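See structure below.
Have a look at this one:
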């Protein structure tokens, strides 16, 4: 029996309360799934980045991709891809283009019917590098521009300059079905950056990209940048001006933070209703269960080698929680539609009442013929604020805990994890749910 077949036949769950127990991960066959693959390796660290990443040790990438291949095959053999394949594939990091030759076998193991997307470092987006990605089957790329200002890029310690960023977009446009450019909208060090960001946004429009993703800097306490306050009013003003400029250049605001050319597909990893995460630090959402893999690369590899899935946490949301989670990420795309069938009467009633209240207060439009409501400009602002709250009060504490695995492995993730007492108290409530066995 292969290692993948062993995992598929007897999936074992994590945690001190159920280590070594056998159980199946529920929800794999309940409907179509998107797939996310995490590549946690970087040649150097960007001090602002909060994502799971390490500088690889000698031989570690090869062992990691072998484990990743085993995990991918196990889920496919367990039926996660369904009869037709995953609806989409998104490869993120880290720097997923650091080892493209090792990524190929994993991609071959994942049947995908829809888009295949990957994050690309601008210095890797040469004509030859992009052609290689196209050869691997990718149809969409997201290029981590962040800024066209060399001063800002230096402040962020990005491993590329403004010229490389513009060249990357120029080379990518026309090679893929969708080219996305990432921009950070609120670098604190430069009070004039609002103007710089808006100029960067216009430059992306002029270069012809299909989508521009604009993000506020995530000021996580465990990063080298450390915690810092957001200027809520300024962010709202900048995004409103970005929306005006987008319309002026023939683009539309398609989600809270993205602007698209009409007719261009959308590119995001976070609004799939159900998705399966593979790799160290990847998360999955299977209708009512939120799963998180071990962040530590060696811990992840060791779990696979021991014949069990590398699951570290599970949050069972139930019908109401699952419907709320789904609605939260639906709203990111600028629309809220009725809950899926099977969500249960309480969830449907509560969400209908919530959307009606949001309509009354001017956050949503009235429903269209299909019952869907769109976020108003005021609604976009409030969602922007809500997403930031979720980021700092739920995601940051979880990631801070999970990243401690790197310290136990002697890895070079470089994380310190200061946490406020208030956030620790909040997280204890969530942690009780996360310790439920799979």
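Numbering (our numbering), first residue to last: 20 to 457.
Glycine included, every Cβ here is placed at the ideal spot set by N, Cα and C.
Keep in mind it's a predicted model, so treat the numbers as computed, not measured.
Beta bridge pairing from DSSP links residue 257 with no other residue. Judged by DSSP in its simplified three-state form, residue 384 adopts coil rather than helix or strand. In the three-state scheme derived from DSSP, where H, G and I count as helix and E and B as strand, residue 129 is classed as coil.
The beta carbons of residue 324 and residue 312 sit no closer together than 8 Å.
Remark: three or more beta-carbon pairs, one from each stretch, lie closer than 8 Å, so the region 123 to 136 and the region 101 to 113 are flagged as touching. If you look at residue 294, you'll find it in the beta strand (DSSP E) that goes 294 to 297.
Approximately 6 Å separates the beta-carbon atoms of residue 271 and residue 279; this is inside 8 Å, confirming the contact. Residue range 330 to 335 is occupied by the beta strand (DSSP E) that includes residue 335, with no alpha helix (DSSP H) assigned at that position. When the Cα atoms are used, residue 398 and residue 381 turn out to be separated by approximately 7 Å.
Taking a cut-off of 8 Å on C-beta distances, the region 219 to 229 touches the region 193 to 203, as three or more cross pairs fall below it. By the Cβ criterion, the region 174 to 189 is in contact with the region 136 to 149, since at least three pairs of Cβ atoms, one from each stretch, lie closer than 8 Å. Between the alpha carbons of residue 357 and residue 274 lies a distance of about 18 Å.
Within the same chain, Cβ atoms closer than 6 Å to the Cβ of residue 135 are found at 108, 156, 157, 158, the five residues on either side in sequence being excluded. Linking residue 163 to residue 120 through their CA atoms gives a straight-line distance of about 21 Å. Bounds of any beta strand (DSSP E) do not take in residue 399; it lies within the alpha helix (DSSP H) bounded by 396 to 409. Per the coordinates, the alpha-carbon of residue 167 lies some 16 Å from the alpha-carbon of residue 261. By the Cβ-count criterion, residue 111 is buried, with 16 or more other Cβ atoms from all chains shown falling within 10 Å of its own Cβ.
Under the DSSP assignment, residue 191 falls in the alpha helix (DSSP H) whose first and last residues are 181 to 191. For residue 174, no beta strand (DSSP E) segment is defined; the enclosing uninterrupted segment is the alpha helix (DSSP H) at 169 to 175. Under the three-state reduction of DSSP output, residue 412 falls in the helix class. Closest by C-alpha distance to residue 203, out of 193, 151, 215, is 215. In terms of Cα proximity to residue 94, the closest of 354, 298, 415 is 298.
With a cutoff of 8 Å on beta-carbon distance, residue 295 and residue 126 are scored as not near each other. For residue 307 and residue 347, the gap between their C-alpha atoms comes out near 14 Å. The secondary-structure analysis by DSSP pairs residue 201 across a beta bridge with 232.
It is roughly 51 Å from the alpha-carbon of residue 151 to the alpha-carbon of residue 379.
Under the criterion of beta carbons closer than 8 Å, residue 113 and residue 59 qualify as touching, at roughly 4 Å.
Restricting attention to 387, 56, 171, the CA atom closest to the CA of residue 91 is found in 56. Scanning its chain for C-beta atoms nearer than 8 Å, with the 5 sequence neighbours on each side dropped, one finds around residue 344 the residues 304, 309, 336, in chain order. Under the three-state reduction of DSSP, residue 118 is assigned to coil, being neither helix nor strand.
Straight through space, the alpha carbons of residue 61 and residue 75 are spaced by roughly 7 Å. With respect to the 8 Å criterion, residue 422 and residue 71 are classified as neighbours on the basis of their beta carbons. Here residue 383 is actually not in contact with residue 371; their C-beta atoms are around 12 Å apart, not less than 8 Å. The Cβ atoms of residue 244 and residue 238 lie closer than 8 Å to each other. Separation of the CB atoms of residue 66 and residue 242 is rounded to 6 Å, and the pair is thereby assigned contact status at 8 Å.
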